[in-house]
Amino acid sequence: MANLYYDIVVIGGGPAGLSCGQYGARAGRKTAVIEEMACGGQTMIIDEIENYPGLEKLPGYEIGVKFEEQAKRFGCEFIYGTAGTVRKCPDGTFETEVNGDTVSSKAVVIATGSKHRTLGIPGEKEFTGHGVSYCATCDGPFFKGKKILVCGGGDSAVQEAFYLTKLTDRLTVCHRRDRFRAQAANVEKLKSVSAVNFKMNQVVVSINGTDGKVSSVTFSDNVTGKKYTEDFDAVFVFAGNEPRTDIVPDCIKDEAGFIVTDAFMETNVHGIFAVGDVRNTPFRQIVTAASDGAVAAHSASNYIDSLSGI
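Under this note's numbering, the letters of the sequence shown match residues 1001 to 1310, in that order.
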């Protein structure tokens, strides 16, 4: 069992965490990124990314690799393992346990992200990245003019569905209840688009594919119990997100469970910052996550200076 000491510890190796690691190390701070699996976060399950400024279209995993390599070139260290609860010590430093070792730092950046709630049905996992998606702005343009199904009844489902109406006139929205949970104004806005078809009281029971990509969806009618199959080219699932915040119980969260930060990415606990999908951000994209990470690294560095009265 070892004791490891850093200026900045970043927990999570997605784009936000990797950007923070790069900027922290580049600022001359001894910085480490803790990642429990492979770096890249959600980019690892995105088939192609075409909207990151300055880069041509490329597989999602490649941009994760590029972020990681760049952070390493600036001197950021990487610790692979699952971080435990973050504790603030009496002297103001922070500790967490990883692989039996104690990792201490002057500042902590939480970049643990969030996970999409899935439907948990046959075909969903198999065709993720090949017709099944959880982000309209990420993957919608790949299905321009195609027949698309949106699953969900909350605000995110309705808003993302409206975005997709700009890309196709063959859009269907499916919800398992007889009415949407989304705000009425958002629902009316979507219903004003004549090309949108609605399937209410319908449940998706399987996503089917041909040649490695989505080709159809099987539904069950909640009222009659009848099952039927209809052709679709893509399925966008918006069943909500679950932020990973268990390791910082003292940080304030919003009603949806996301960590609340100020414009400097700092939480209510001085010295703890949050970035990317785990915080209450209005837009979740790779470019905004990278921006969060850069801001947090700068803020954390300033926080460390303040400890010394600089």
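Glycine included, every Cβ here is placed at the ideal spot set by N, Cα and C.
Remember, it's a predicted structure, so these values are computed and weren't measured experimentally.
Residue-level contact to chain D via CB, residue i, 7 Å cutoff
{"i": "residue 1302", "result": "The structure shown contains no chain D, having only a single protein chain."}
Backbone CA spacing between residue i and residue j [nearest angstrom]
{"i": "residue 994", "j": "residue 1217", "result": "Residue 994 lies beyond the stretch modelled for the chain, which goes from 1001 to 1310, so this question has no answer here."}
{"i": "residue 1004", "j": "residue 1254", "result": "32 Å"}
{"i": "residue 1206", "j": "residue 1228", "result": "11 Å"}
{"i": "residue 1180", "j": "residue 1153", "result": "5 Å"}
{"i": "residue 1189", "j": "residue 1162", "result": "8 Å"}
{"i": "residue 1031", "j": "residue 1159", "result": "38 Å"}
{"i": "residue 1278", "j": "residue 1080", "result": "20 Å"}
{"i": "residue 1288", "j": "residue 1053", "result": "11 Å"}
{"i": "residue 1256", "j": "residue 1101", "result": "32 Å"}
Closest residue to residue i among the options (Cα-Cα distance)
{"i": "residue 1124", "options": "1310, 1144, 1235 and 1267", "result": "1235"}
{"i": "residue 1092", "options": "1007, 1028 and 1150", "result": "1007"}
{"i": "residue 1020", "options": "1286, 1238 and 1308", "result": "1286"}
{"i": "residue 1213", "options": "1107, 1291, 1146 and 1127", "result": "1127"}
{"i": "residue 1024", "options": "1273, 1048 and 1239", "result": "1273"}
Heavy atom of the ligand FMN within 6 Å of residue i beta-carbon
{"i": "residue 1053", "result": "With respect to the ligand FMN, the structure offers nothing, as it holds no ligand at all."}
Integer Cβ distance of residue i from residue j, believed to fall under 8 Å
{"i": "residue 1103", "j": "residue 1034", "result": "7 Å"}
{"i": "residue 1237", "j": "residue 1132", "result": "7 Å"}
{"i": "residue 1276", "j": "residue 1292", "result": "5 Å"}
Within 7 Å, strictly: CB atoms of residue i and residue j
{"i": "residue 1177", "j": "residue 1203", "result": "no"}
{"i": "residue 1151", "j": "residue 1174", "result": "yes"}
{"i": "residue 1245", "j": "residue 1259", "result": "yes"}
{"i": "residue 1233", "j": "residue 1115", "result": "no"}
Three-state secondary structure assigned by DSSP to residue i
{"i": "residue 1227", "result": "strand"}
{"i": "residue 1152", "result": "coil"}
{"i": "residue 1296", "result": "helix"}
{"i": "residue 1198", "result": "strand"}
{"i": "residue 1308", "result": "coil"}
{"i": "residue 1291", "result": "helix"}
{"i": "residue 1209", "result": "strand"}
{"i": "residue 1221", "result": "strand"}
{"i": "residue 1192", "result": "coil"}
{"i": "residue 1138", "result": "helix"}
{"i": "residue 1268", "result": "coil"}
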